Amino acid sequence: TTHDINHTNHILQTFAIWHLSFSMLAKMAEASDGRVVLLSWNVASWPTTLALIQQHYGSLAAYLDRHAVDVLCLQETKLETSRVANARESGALEPGWSSFWACNDGGGSSKRGFNGCATFARSGLVISASADVFEDEELDKEGRCVVTEVAAMPRNVVIFNVYAPLSSWQYTRIPYKMRFLRRLQEK
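Count the sequence shown with my numbering and you get residues 3 to 189, in order.
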C-alpha cells in the first residue's frame with residue numbers, strides 16, 4: 003500500500019540520516035581545527051545508561067574520549083536535582099568535564115523525576131549555560147531544556163538541548179506543547 007511504501011521510505015531516510023550523522027561525526031573527530039563534536043542521546047534513564055558506560059569503559063570521561071566527543075547532550079535523564087548532587091549516580095562531577103542540568107522536581111502535570119536534560123562539555127568550552135531558558139516557571143519546571151554557549155571556531159555555538167513535551171494520549175497537553183514549541187522558536 004501507499005502507507006507501507008511511505009513508511010518504508012521514512013525508515014530508509016532515517017537510516018541514511020543516522021548513517022550520515024555518524025560518518026560526519028567520525029570525520030569531525032579527526033579534525034583539530036577548532037571544531038566541536040556534539041553527541042545527542044535520549045538515554046531514557048541516565049543512571050542506568052551511566053552504569054553501563056562505566057561497566058564497559060571504566061568512566062564517562064573514557065567513553066567520551068574514546069568517541070572524541072566534546073559536548074554530550076542527554077534527554078530523558080530522569081533525575082531530580084537532589085539525585086544530580088550525588089556525583090556517583092549522576093556523573094555530574096566527571097574530571098575534565100562540566101555539566102549543566104534541567105531537572106523535574108515536581109512541577110506541572112509531568113511526574114516528579116521524569117523528563118530531564120543534561121549537557122556535558124569539556125572543561126573550558128562553555129561560556130554560559132542555563133536551565134531557565136524561558137524565564138517562565140510553568141515552562142521551565144519540567145526540566146525540558148538546557149541552553150549552552152560553547153566556544154568554537156570560527157565562532158561560538160549556542161546549543162539548545164531539548165526534550166519536547168508529549169501531547170498525551172488524549173491530546174490534553176497540546177496547548178502546553180504548542181506554547182513550549184512557540185517559545186522555543188522565539189529563542
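From the three backbone atoms N, C-alpha and C, an ideal C-beta is built for every residue, glycine too. Note that this is a predicted model, so its numbers are computed, not measured.
Asked, Found
"Beta-carbon spacing of residue 146, residue 165 below 8 Å", "yes"
"Assigned exposure category for residue 80 - 16 Cβ within 10 Å defines buried", "buried"
"Cβ distance (whole Å) where residue 117 is taken to contact residue 78 below 8 Å", "7 Å"
"Close Cβ partners of residue 52 (< 7 Å) along its chain, the five nearest in sequence each way excluded", "62, 93"
"Chain C within 8 Å of residue 92, Cβ atoms only", "Absence of chain C from the displayed structure is noted, only one protein chain being present."
"Contact between the region 131–138 and the region 58–74 (3+ Cβ pairs under 8 Å)", "no"
"Residue 85: CB within 7 Å of a non-hydrogen atom of the ligand SAH", "This structure does not include the ligand SAH; it has no bound ligands of any sort."
"Residue 79 in three-state terms, based on DSSP", "coil"
"Same chain, Cβ closer than 6 Å to residue 148, five either side skipped, listed in chain order", "102, 104, 119, 121, 133, 163"
"Contacting residues, own chain, Cβ-Cβ under 7 Å from residue 158 (five flanking each side not counted)", "129, 151, 152"
"Residues that residue 151 bridges to, as DSSP identifies them", "130, 160"
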